[in-house]
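Visitor: Here it is, the structure, as structure tokens.
In the numbering used here, the protein residues as written are 13 to 244.
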């Protein structure tokens with residue numbers, strides 16, 4: 013114990029000498045600049061982008077407007093182009109991302125409810141039928157368009173939504189169920205291409221619901237992804 017206390021009179025003057033040296037180096041201007049840098053407000057990590065639906069990718073049973081998709085009464089008479097989903101009820105956004113941070117919001121409503129009136133072009137109404145299963149997220153440009161497939165990262169899709177059991181889940185091989193504090197009315201998707209992550213948030217409360225690791229996608233473009241189904 014005695015040895016510890018005896019070292020303090022030598023230690024403190026050493027610190028004081030360092031402090032005096034720093035004061036001499038940092039002029040008043042430099043100190044103000046350093047303080048301003050330390051206290052600068054955090055810049056927003058994501059840029060809200062307007063999302064429009066690419067009707068050329070939409071399954072023939074989906075009726076798409078610029079910012080709304082719902083089940084059509086019958087199959088649409090449309091060309092079977094290579095980019096169109098022919099088996100799975102999917103549609104992609106027109107916007108593609110390879111770098112940076114981006115986010116968009118989707119309002120979800122039952123078909124019997126009126127769509128939410130939203131002046132922001134960044135919020136996309138998403139309608140479905142009473143016994144529906146829906147999914148929202150991002151997909152690689154190279155995602156399969158023909159035939160059937162699972163909604164999973166293995167297929168180049170990172171999405172969350174409502175399962176046929178009525179549960180809000182992350183669509184992967186486990187379909188992880190999410191416990192929500194309140195019914196989900198608007199979903200925010202936040203894509204961070206630099207960190208290779210996609211985060212899902214409750215747009216009303218800004219509470220984070222889940223974050224997915226996208227992984228490397230060299231040369232790939234990521235697009236907003238939407239799935240709209242019905243119970244079998």
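Backbone N, C-alpha and C fix where the C-beta goes; we use that ideal spot for every residue, glycine too.
Which word fits residue 168, buried or exposed, when buried means at least 16 other C-beta atoms lie within 10 angstroms of its C-beta?
Guide: Buried is the call here.
Visitor: Consult DSSP for residue 162 and reduce its assignment to one of helix, strand or coil.
Guide: Coil, per DSSP.
Visitor: Do residue 235 and residue 149 have their C-beta atoms within less than 7 Å of each other?
Guide: No; because the gap between Cβ atoms is not below 7 Å, this pair is not in contact.
Visitor: Taking all protein chains shown into account, decide if residue 191 is buried (16 or more other Cβ within 10 angstroms of its Cβ) or exposed.
Guide: So residue 191 counts as exposed.
Visitor: Where does residue 67 fall in DSSP's three states?
Guide: It is helical.
Visitor: Please look up how many angstroms separate the CB atoms of residue 239 and residue 178, rounded, as I've assumed it's under 8 Å.
Guide: Between residue 178 and residue 239 the Cβ distance is about 16 Å, and since that is not below 8 Å, they are no contact.
Visitor: Please name the residue in 85, 104, 88 whose C-alpha comes closest to that of residue 66.
Guide: The shortest Cα separation from residue 66 among 85, 104, 88 belongs to 104.
Visitor: Mark residue 95 as exposed unless 16 or more other C-beta atoms lie within 10 angstroms of its C-beta, in which case mark it buried.
Guide: Flag for residue 95 reads exposed.
Visitor: Using C-beta distances below 7 Å, list every residue in its chain close to residue 159, excluding the 5 sequence neighbours before and after it, in chain order.
Guide: Excluding positions up to five away in sequence, the list reads 99.
Visitor: Which of the three DSSP states is assigned to residue 107 in this structure?
Guide: Reduced to three states, the DSSP call for residue 107 is coil.
Visitor: Work out the CA separation of residue 86 and residue 115 for me, nearest whole Å.
Guide: Cα-Cα distance, rounded: 33 Å.
Visitor: Go to residue 150, then tell me how far its beta strand (DSSP E) extends in each direction, as first and last residue.
Guide: Run containing residue 150: 144 to 152, per the beta strand (DSSP E) assignment.
Visitor: How is residue 167 classed by DSSP in three states: helix, strand or coil?
Guide: Reduced to three states, the DSSP call for residue 167 is helix.
Visitor: Roughly how many angstroms separate the alpha carbons of residue 163 and residue 157, rounded to a whole number?
Guide: Rounded to whole angstroms, residue 163 to residue 157 spans 12 Å at the Cα level.
Visitor: Closer than 7 Å by C-beta to residue 187: which residues in its own chain qualify, once you throw out the five before and the five after it? Chain order, please.
Guide: Correct list, in chain order: 175, 181.
Visitor: Which partner residues of residue 222 appear in the DSSP bridge assignment?
Guide: Answer is 212, bridged to residue 222.
Visitor: On the CB-based measure, 16 or more other CB atoms within 10 Å of its CB, does residue 233 come out buried or exposed?
Guide: So residue 233 counts as exposed.
Visitor: If we count the other Cβ atoms within 10 Å of its Cβ and call it buried at 16 or more, is residue 225 buried or exposed?
Guide: Exposed: under 16 other Cβ atoms inside 10 Å.
Visitor: Check whether the Cβ atoms of residue 212 and residue 221 sit closer than 7 Å, and answer yes or no.
Guide: For residue 212 and residue 221, yes; Cβs fall inside 7 Å.
Visitor: Just grab the DSSP bridge partners of residue 238 for me.
Guide: Paired residues: 103, 148.
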